[in-house]
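Colleague: Please find one structure pasted underneath; my questions will follow.
The structure is reproduced here in structure tokens:
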């Protein structure tokens with residue numbers, strides 16, 4: 001058996017064991033059987049496209065369940081009349097009994113609270129596993145679960161959830177949700193059909209990506225070919241006709257200024273030398289008189 005055949009066998013086994021249960025859960029999330037079937041098929045298609053990652057996941061069924069829930073609760077379903085799920089509080093019918101009214105009450109919850117309640121009280125996940133699957137903290141998941149139970153208790157007082165401890169509330173809801181889950185009759189598509197659809201979708205995506213890249217390259221080339229050339233050649237330099245270059249007035253002014261500064265510096269230096277010479281002459285005369293005074297003491 002080749003590696004591809006082994007992967008197909010493992011995928012088919014996963015689909016056979018969990019597709020029906022996921023269809024029932026998706027139906028409770030959306031209230032539409034065909035939308036539940038689409039969500040489950042979409043989740044398993046994505047799993048087959050990412051099968052190397054799913055195969056080594058500690059919980060492959062949880063991986064697929066998260067994908068199914070994400071698609072089933074996507075907000076854009078509410079923008080299309082044909083995909084619109086139940087919105088707004090629904091007043092449950094007493095004639096339908098608690099088990100028949102519970103799905104309607106569940107659909108009246110906001111999507112995040114509906115998902116937490118179904119995972120914890122319907123599927124039976126612990127609070128930590130529920131928080132991990134919805135990518136939230138444990139306190140946030142506990143708050144959503146408490147709010148959902150309070151809402152269900154207000155819509156269906158006949159369940160007797162008021163006044164019960166949280167553990168007992170979870171047990172009651174788990175028993176009540178088991179009835180609607182088993183009563184939902186939804187038939188998932190065959191695993192081989194899901195794998196074939198996933199491969200066809202992957203091929204279409206690849207072709208669309210290559211086509212878009214080629215179209216972008218073609219448009220770029222056409223624009224480059226049709227764009228006018230606005231570049232101008234550099235101006236030609238005139239040939240020199242005179243052997244001597246004319247000195248600009250700025251350069252002449254600068255040269256004259258430097259000569260004036262040099263002449264003024266020479267005059268200052270000459271004046272400084274004359275002062276120094278006169279000072280030396282005066283000092284020599286004083287020293288001469290002092291020597292003469294020492295040589296002629298009779299003049300004192």
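Numbering (full-length UniProt numbering), first residue to last: 1 to 300. Just so it is clear, CB atoms sit at the ideal spot from N, CA and C, and this is done for glycine as well. This one's a predicted model, so the numbers in the text were calculated from it and none came from an experiment.
Output the distance between the C-alpha atoms of residue 68 and residue 213, rounded to the nearest integer angstrom.
Modeller: Rounded to whole angstroms, residue 68 to residue 213 spans 31 Å at the Cα level.
Colleague: Which class does residue 58 belong to by DSSP, given the choice of helix, strand or coil?
Modeller: Three-state result, residue 58: coil.
Colleague: By alpha-carbon positions, which one of 106, 281, 20 ends up nearest to residue 155?
Modeller: Nearest option by C-alpha distance: 106.
Colleague: Take residue 124 and list the residues in its own chain whose beta-carbon comes closer than 6 Å to its own, dropping the five residues that flank it on each side.
Modeller: Excluding positions up to five away in sequence, the list is empty.
Colleague: If you count every other CB in all the chains shown that lies within 10 Å of the CB of residue 41, and 16 or more means buried, which is it?
Modeller: With 16 or more Cβ atoms within 10 Å of its Cβ, residue 41 is classed as buried.
Colleague: Whose C-alpha, out of 113, 160, 161, is nearest the C-alpha of residue 142?
Modeller: Residue 113 is the option with its Cα nearest to residue 142.
Colleague: Looking at chain B, is there any beta carbon in it that lies within less than 8 Å of the beta carbon of residue 63?
Modeller: The structure shown contains no chain B; it is built from a single protein chain.
Colleague: Taking Cβ positions, are residue 116 and residue 159 nearer each other than 8 Å?
Modeller: Not in contact: residue 116 and residue 159 (Cβ atoms no closer than 8 Å).
Colleague: Determine, using beta-carbon pairs with one atom in the stretch 215-223 and one in the stretch 54-68, whether at least three such pairs fall under 8 Å.
Modeller: The stretch 215-223 is not in contact with the stretch 54-68.
Colleague: Distance check for residue 33 and residue 196, CA to CA, integer angstroms please.
Modeller: Each residue's Cα considered, the two are about 22 Å apart.
Colleague: Could you check the C-alpha separation between residue 259 and residue 265 for me, to the nearest Å?
Modeller: Distance between the alpha carbons of residue 259 and residue 265 is about 10 Å.
Colleague: DSSP on residue 303, reduced to helix/strand/coil?
Modeller: A question about residue 303 goes unanswered here, because the residues of the chain that appear run from 1 up to 300.
Colleague: When you compare only the Cα positions, how much space is there between residue 97 and residue 110?
Modeller: For residue 97, the predicted model reports a pLDDT of 43, less than 50, meaning its position is unreliable and no value from the coordinates is stated.
Colleague: For residue 88, count the other beta carbons within 10 Å of its own beta carbon; 16 or more makes it buried, fewer makes it exposed. Which is it?
Modeller: For residue 88, the predicted model reports a pLDDT of 40, less than 50, meaning its position is unreliable and no value from the coordinates is stated.
Colleague: What residue range is occupied by the uninterrupted alpha helix (DSSP H) comprising residue 48?
Modeller: Here the alpha helix (DSSP H) through residue 48 covers 33-49.
Colleague: Just to confirm before moving on: does the CB-CB distance between residue 131 and residue 138 stay below 8 Å?
Modeller: Yes, they are a contact pair.
Colleague: Pick from 58, 43, 54: whose alpha carbon is nearest that of residue 72?
Modeller: Nearest C-alpha to residue 72: 43.
Colleague: Per DSSP, what kind of secondary structure is residue 1 in: helix, strand or coil?
Modeller: Coil.
Colleague: Could you have a look at residue 111 and say whether DSSP puts it in helix, strand or coil?
Modeller: Looking at residue 111 - three-state DSSP - the assignment turns out to be helix.
Colleague: Evaluate residue 56 with the Cβ neighbour count: other Cβ atoms within 10 Å of its Cβ, from every protein chain shown; 16 or more gives buried, anything less gives exposed.
Modeller: Exposed: under 16 other Cβ atoms inside 10 Å.
Colleague: Taking the straight line between their C-alpha atoms, what separation do you get for residue 54 and residue 225?
Modeller: In a straight line, the C-alpha of residue 54 is about 48 Å away from that of residue 225.
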